[in-house]
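Protein chains in written order, with my numbering: chain S, -10 to 248; chain G, -10 to 248; chain D, 50 to 353; chain V, 50 to 353.
Virtual Cβ for every residue (Gly too), placed ideally from N, Cα, C.
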Amino acid sequence: MYMKKRVELFTVTRNRRINNEYIVLYAKANGELPDISPGEFVEIKVENGQNTFLRRPISIHEVHQETNEMLLLIQEVGEGSRLLAALMPGDKLDLIYPLGNSFTVPKSGRMLLVGGGVGVAPLLILGRRLREEGAEVNFLLGARDREILMDLTDYKQHGLVGVTTEDGSAGVKGYVTDHPLLKERLKDMDRVYTCGPDAMMRAVAAVAKEAGIPCEVSLENMMACGFGACLCCVVETREGNKNTCTEGPVFNIDDLKGW
Amino acid sequence: MYMKKRVELFTVTRNRRINNEYIVLYAKANGELPDISPGEFVEIKVENGQNTFLRRPISIHEVHQETNEMLLLIQEVGEGSRLLAALMPGDKLDLIYPLGNSFTVPKSGRMLLVGGGVGVAPLLILGRRLREEGAEVNFLLGARDREILMDLTDYKQHGLVGVTTEDGSAGVKGYVTDHPLLKERLKDMDRVYTCGPDAMMRAVAAVAKEAGIPCEVSLENMMACGFGACLCCVVETREGNKNTCTEGPVFNIDDLKGW
Amino acid sequence: MVKLAVDINGYLLKNPVMTASGTFGFGEEYEDFIDIGALGGIVVKGTTLHHREGNAYPRMAETASGMLNAVGLQNKGVDHFVSSIYPRIKHYDTGIFVNVSGSTIEEYIQTAEKLNGLEQIPGIELNISCPNVKEGGMSFGVHCPSAIAVTRAVRDVYKGHLMVKLSPNVTDVTEMARAVEGAGADSISLINTLLGMAIDAEKRRPLLSTVTGGLSGPCIKPVALRMVWQVYNAVKVPVIGMGGIMNATDAIEFMLAGSTAIQVGTANFIDPSISVQIVEGIKAYMLRHDITDVNSLIGGMLID
Amino acid sequence: MVKLAVDINGYLLKNPVMTASGTFGFGEEYEDFIDIGALGGIVVKGTTLHHREGNAYPRMAETASGMLNAVGLQNKGVDHFVSSIYPRIKHYDTGIFVNVSGSTIEEYIQTAEKLNGLEQIPGIELNISCPNVKEGGMSFGVHCPSAIAVTRAVRDVYKGHLMVKLSPNVTDVTEMARAVEGAGADSISLINTLLGMAIDAEKRRPLLSTVTGGLSGPCIKPVALRMVWQVYNAVKVPVIGMGGIMNATDAIEFMLAGSTAIQVGTANFIDPSISVQIVEGIKAYMLRHDITDVNSLIGGMLID
Ligand SMILES: Cc1cc2nc3c(=O)[nH]c(=O)nc-3n(C[C@H](O)[C@H](O)[C@H](O)COP(=O)(O)OP(=O)(O)OC[C@H]3O[C@@H](n4cnc5c(N)ncnc54)[C@H](O)[C@@H]3O)c2cc1C
Ligand SMILES: Cc1cc2nc3c(=O)[nH]c(=O)nc-3n(C[C@H](O)[C@H](O)[C@H](O)COP(=O)(O)OP(=O)(O)OC[C@H]3O[C@@H](n4cnc5c(N)ncnc54)[C@H](O)[C@@H]3O)c2cc1C
Ligand SMILES: Cc1cc2nc3c(=O)[nH]c(=O)nc-3n(C[C@H](O)[C@H](O)[C@H](O)COP(=O)(O)O)c2cc1C
Ligand SMILES: Cc1cc2nc3c(=O)[nH]c(=O)nc-3n(C[C@H](O)[C@H](O)[C@H](O)COP(=O)(O)O)c2cc1C
Ligand code: FES
Ligand code: FES
Chain S
-10 MYMKKRVELF TVTRNRRINN EYIVLYAKAN GELPDISPGE FVEIKVENGQ NTFLRRPISI
50 HEVHQETNEM LLLIQEVGEG SRLLAALMPG DKLDLIYPLG NSFTVPKSGR MLLVGGGVGV
110 APLLILGRRL REEGAEVNFL LGARDREILM DLTDYKQHGL VGVTTEDGSA GVKGYVTDHP
170 LLKERLKDMD RVYTCGPDAM MRAVAAVAKE AGIPCEVSLE NMMACGFGAC LCCVVETREG
230 NKNTCTEGPV FNIDDLKGW
Chain G
-10 MYMKKRVELF TVTRNRRINN EYIVLYAKAN GELPDISPGE FVEIKVENGQ NTFLRRPISI
50 HEVHQETNEM LLLIQEVGEG SRLLAALMPG DKLDLIYPLG NSFTVPKSGR MLLVGGGVGV
110 APLLILGRRL REEGAEVNFL LGARDREILM DLTDYKQHGL VGVTTEDGSA GVKGYVTDHP
170 LLKERLKDMD RVYTCGPDAM MRAVAAVAKE AGIPCEVSLE NMMACGFGAC LCCVVETREG
230 NKNTCTEGPV FNIDDLKGW
Chain D
50 MVKLAVDING YLLKNPVMTA SGTFGFGEEY EDFIDIGALG GIVVKGTTLH HREGNAYPRM
110 AETASGMLNA VGLQNKGVDH FVSSIYPRIK HYDTGIFVNV SGSTIEEYIQ TAEKLNGLEQ
170 IPGIELNISC PNVKEGGMSF GVHCPSAIAV TRAVRDVYKG HLMVKLSPNV TDVTEMARAV
230 EGAGADSISL INTLLGMAID AEKRRPLLST VTGGLSGPCI KPVALRMVWQ VYNAVKVPVI
290 GMGGIMNATD AIEFMLAGST AIQVGTANFI DPSISVQIVE GIKAYMLRHD ITDVNSLIGG
350 MLID
Chain V
50 MVKLAVDING YLLKNPVMTA SGTFGFGEEY EDFIDIGALG GIVVKGTTLH HREGNAYPRM
110 AETASGMLNA VGLQNKGVDH FVSSIYPRIK HYDTGIFVNV SGSTIEEYIQ TAEKLNGLEQ
170 IPGIELNISC PNVKEGGMSF GVHCPSAIAV TRAVRDVYKG HLMVKLSPNV TDVTEMARAV
230 EGAGADSISL INTLLGMAID AEKRRPLLST VTGGLSGPCI KPVALRMVWQ VYNAVKVPVI
290 GMGGIMNATD AIEFMLAGST AIQVGTANFI DPSISVQIVE GIKAYMLRHD ITDVNSLIGG
350 MLID
């Protein structure tokens, strides 16, 4: 069902620090939150930034429909994300949402959700929705080291969680592609979803393709508008350039050129 | 004595609201505050302003030498001053100071200090210093209405305080030039100091000139640097253009062209 | 009631606020956010004779108070516009202008011809100033002879309002303005983007696939205002000003400098409802200043 | 140890960081804040043959990520510089360049001649790009024949390093660069300010006494970087880049785009010690990236 896009002033209700680099913002809508599909994102206006002219695209991490709250997982990488990570309960958050398409949510099957870095964000809501629909959920989450590993509690509610860290300080040492879930048990999976650094997604896509398993990626192209007006965020597909912000961010790798 | 100019990070120790439009920031130096002369000003870097590229010049309102605090009276007129007025204890304040020349401080005589709007700022430290040196201090403070009138307590410590408001809600109704201090008792004065809106200062200067009484004005020209490097803040004097930021902001009206 | 309508050389806009080409899609992208009919006019995405894929990704870089883009006129071609898009948007209760680009004069002519007689398209905006394409585009707009040639050629075939959009990347914008006025332009819009560039110091690489791109946003407003004022004083046809307009105050500044109408560009990305808010803001300004007719603002800057 | 010295066509700067004319006074204004000797060089205030009072107040307006100025070359004339200022600043342990302006070629020539043989002045920067004066200034710098004429005339009489400063207000900056290179420039500095304008919508008046003025600051950085890159690819003489440099990262971007040295301008107003901090920041970048010689950054942008 098409959800009308809107600009709305949310109120921050909580700022939960996960680790040195990550926080989760809880943002409450004024009225009733519309239905959100996994994979959709928001565009946030960063107030008071001296170098943040454009909005910042951030995935919807999870939704608490009862309290009309949206959760946003934010990694501090530059001025914009640092200012967002400093927001406190009561502060306002100017959002355009809901933006983008969403992941396929089948009613059954064995699903592998592979996230790297802050790319784990949309996988939480996706995992929950998959479980609710009746699919089996397996997360595989990669991080640089245990210091910036996500809080896994929420993920564990929805399925099995595998972990890799580059330095081996938690889970399997190495990249997600070094984990048994991708190296050995991939053939048992019906579908792979992945979100994270480009190199990681391409590696995951390559093994999925080789194994002949459908794979959906969520791209993080540079965006100026987020709602299809500027044509800056394009990705090359078999049908020509497509907007990552409206025809994505989720693409089936079979549709992407060069993947 | 020449005080070396410096860039220093002060810490806000207090934000005292005077009225709807004015606040006083108390800013503590890291170490010992150098000697400050009345009339000197600071240039403040406004952090996190989206339209505040340049620093903002603000007069030194008063100095608490014992605690190494500088007081700044700020009127909220635009983005920069609003952001400054929102600073809270613990916040940092990046200042260049001390800037500009200063008012003449004779050791005796009857002085009239005429301030309008936020132009009352430098008159507090000036009044105190004049009293300490041995002169008699008379303040004449003009405001739009009683709502934005200054807190007079501090001024009253140093001398007599006359007040005008445009709507007559406090003191004499009208402009400062309508007050008996300027209309009748000006001839008793040995010197006039004035700071405030251009039109007010020109009116005060005119009556002082007519009465043949020395008059010093503190100009608020638009400044890009505040320390003599850009030549943007010039005022026409009998000796050609002078920098308001280094050769002013205090000028004897006899030296100014067209005053 | 305040009078908001402005006349751009025979065509009446219900108010002076238009949206700028390339920043407003075909209007449809904004339907969720605003009533398109509340605008004076819209200029749709740059359209060429043939389908164009545009430039490679990345096409965007954020800069101080602005952005660079290198979209490169991605569009499905004028035939697609006429057959597929026009029917979808022709119900908008506002003037729809098509921004026309080409690599050769022949392409400009053919594209313009295909837009003749579309009832809801009162005019075209001739883009002779796009910095993001290898051939044509800006090269037409930075030299008088070619600007004259393309304007005259299109004027000969196109029956509607002919707005010509100038490039700021020139030594003397008034020379260009007079040239296109002489060649038959009904109005002049400016400015297109300034040619700029951005580098990632860490990766030592340009941030755009094309290395250089077009700079837009508030950073260019001072240059845009200056050029609008210069052109206003140089030609008789109406001037449509743009470049960094973010709010009603900016819009009024452009009108005071000589704009009959204004276009809102990059600001749409940051607040998709800003164009309609600007209409409201202009009304509020007029009420506050006791102005009954918006036309009295045009070129109304006071100089001693 | 990293090597920071750069050679601008025969003259060695101890590091690539200079300060821009008109933003650094005569250096003296910065003595309280920094050790001038830590800089690669300084360019002092625009100097003319005769005393000039400059333009009327107001001369400044803040803009989005930048400012407009209309100082108009206020200075006491070259004789005053030689007799009164030079003796006060000649002890600086850095290269002092004098920015020279004029209304006629004759004035440029005479001013330059008077600067010949000042031992601590290795060179002059020919300002043919000042947008804030009615005659001369920018008008020389936006047309090739006059740019060539003034450069050649000064080259004939001036014995030191001749840096020529280009205007960004031109259609093709490479044309200008090649012209002044051919006319004898030892190096080319760019960009001067972009011509802009600002209006107070409430008062309906221009914010500058001169209506238009020169735009500087981070807002112009994308345009400046683009022009530096274009000129670097068009001429053989060294390029000295500037325009919105606020920190070491910006400085490195300019070097990657082709600058041999850079100048810090408006940023000095916001942080009077920034120029020296930029020297330190470049060192830190080099250490982080394992670069031993700063010269390897010049034009080091990677393009596929
Ligand atoms: C659809 C989408 C969903 C996203 N979801 C999230 C999320 O849930 N949580 C989160 O923390 N981040 C997410 N991002 C990335 C986020 O938008 C950027 O990290 C953010 O814009 C950086 O802003 P900044 O001002 O902090 O950094 P800047 O100072 O602008 O840049 C800092 C660094 O971040 C990188 N960066 C900037 N923009 C992007 C971008 N669009 N994509 C990737 N890297 C970028 C730059 O390369 C730069 O090196 C998402 C991006 C997209 C396109
Ligand atoms: C030497 C000097 C001392 C000053 N002392 C004080 C002081 O003690 N307390 C105080 O509140 N203000 C003082 N000012 C004025 C203060 O600098 C401005 O009000 C402030 O810069 C406005 O910044 P903004 O971002 O809030 O407003 P902006 O959005 O920049 O401007 C808002 C309005 O303020 C006016 N304004 C901007 N700059 C100046 C300026 N330099 N002078 C006068 N009006 C200006 C503009 O006309 C504009 O209409 C002083 C100015 C100078 C030059
Ligand atoms: C992403 C983007 C795409 C653009 N595409 C076009 C275009 O197709 N045709 C055109 O004439 N101008 C195009 N422009 C220029 C704008 O119409 C406008 O002239 C410019 O952005 C300045 O206005 P602004 O600062 O308000 O955005 C584009 C601008 C942007 C930012
Ligand atoms: C207040 C001011 C005065 C200037 N005066 C001169 C000058 O006298 N001669 C000159 O060549 N450039 C002058 N410039 C231009 C600068 O040297 C520089 O080219 C320009 O500001 C761009 O650099 P920036 O963005 O780092 O400031 C002046 C700039 C400013 C802001
Ligand atoms: S970000 Fe503008 S079209 Fe996708
Ligand atoms: S403000 Fe720069 S010289 Fe006075």
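For the set Gly263(V), Ala113(V), Thr341(V), Pro255(V), the Cα lying nearest the Cα of Ser216(V) is the one of Gly263(V). At a cut-off of 9 Å between beta-carbon atoms, Ile85(G) makes contact with chain V. Excluding the 5 residues flanking it on each side, Asp80(S) has same chain C-beta neighbours closer than 7 Å at Val1, in chain order. For Ser48(G), the enclosing beta strand (DSSP E) starts and ends at 45 to 48. Counting only Cβ-Cβ distances below 9 Å, Asn37(G) has contacts in chain S at Glu36, Asn37, Gly38, Gln39, Leu72, in chain order.
In the DSSP assignment, the residues bridged to Phe128(S) are Leu102(S), Val150(S). Residue-level contact by beta carbon holds for Glu302(V) and chain D, with a gap shorter than 9 Å. Non-local C-beta neighbours of Arg227(S) in its own chain, meaning closer than 7 Å and more than five positions away in sequence, comprise Asp244, Lys246, ordered along the chain. Under the three-pair Cβ rule at 8 Å, the segment 17 to 30 of chain G counts as touching the segment 111 to 123 of chain G. The C-beta distance from Gly38(S) to Leu72(S) rounds to 5 Å, short enough to meet the 8 Å contact threshold. Contacts with chain S at 9 Å (Cβ-Cβ) include Ile319(D). Using beta-carbon distances, Arg108(V) counts as an interface residue toward chain G, with a partner under 9 Å. Using a CB distance cut-off of 9 Å, Asn148(D) does not count as an interface residue toward chain S. Using a C-beta cut-off of 8 Å, the segment 299 to 306 of chain D makes contact with the segment 315 to 331 of chain D, since at least three inter-stretch Cβ pairs fall below that distance. The shortest C-alpha to C-alpha distance from Gly121(V) to any of Val147(V), Phe303(V), Ala273(V), Ser178(V) is the one to Ser178(V). For Leu22(G), there are no neighbours in chain V by C-beta distance under 9 Å, as the nearest C-beta there is about 16 Å away.
Taking a beta-carbon distance threshold of 9 Å, Asp249(V) does not count as an interface residue toward chain G. Listed along chain D, the residues sitting closer than 8 Å to Arg(-5)(S) by beta-carbon distance are Asp81, Phe82. Excluding the 5 residues flanking it on each side, Ser322(D) has same chain C-beta neighbours closer than 7 Å at Phe82, Ile83, in chain order. The Cβ-Cβ distance between Asn230(G) and Val239(G) does not fall below 9 Å.
Within chain D, Glu111, Thr112, Ala113, Ser114, Gly115, Met116, Gly266, Pro267, Cys268, Thr315, Ile319 have C-beta atoms less than 9 Å from the C-beta of Phe42(S), given in sequence order. Gly166(D) and Arg254(D) have their alpha carbons spaced roughly 47 Å apart.
With respect to the 9 Å criterion, Glu156(D) and His99(D) are classified as neighbours on the basis of their beta carbons. In the three-state reduction of the DSSP assignment, Lys172(G) falls in the helix class.
For Phe130(D), the nearest beta carbon of chain S is not closer than 9 Å to its own beta carbon. With fewer than three CB-CB distances shorter than 8 Å, the segment 51 to 66 of chain V does not count as touching the segment 189 to 196 of chain G. DSSP, read as helix, strand or coil, puts Glu121(S) in helix.
Listed along the chain, the chain V residues whose CB falls inside 8 Å of the CB of Leu305(D) are Ile248, Ala250, Arg253. Against Asn218(V), the close residues of chain D are Thr220, in the order they occur along the chain (beta-carbon pairs closer than 8 Å).
In this structure, DSSP gives Pro95(S) a state outside helix and strand, which the three-state scheme calls coil. Contact annotation: Thr183(G) and Gly89(G) have beta-carbon atoms that are not nearer than 9 Å. Contacts with chain S at 9 Å (Cβ-Cβ) do not include Ser195(D). Close to Gln123(V), with beta-carbon spacing below 8 Å, are these residues of chain G in chain order: Leu220, Val223, Asn230.
Those residues of the segment 198 to 211 of chain S placed with their C-beta closer than 9 Å to a C-beta in chain D are Asn210, Met211, ordered along the chain. Under a 10 Å Cβ-count criterion, Met50(V) is classified as exposed, with fewer than 16 other Cβ atoms of the shown protein chains found around its own Cβ. In this structure Leu129(G) touches Leu170(G) by the C-beta definition: roughly 5 Å separates them, less than 8 Å.
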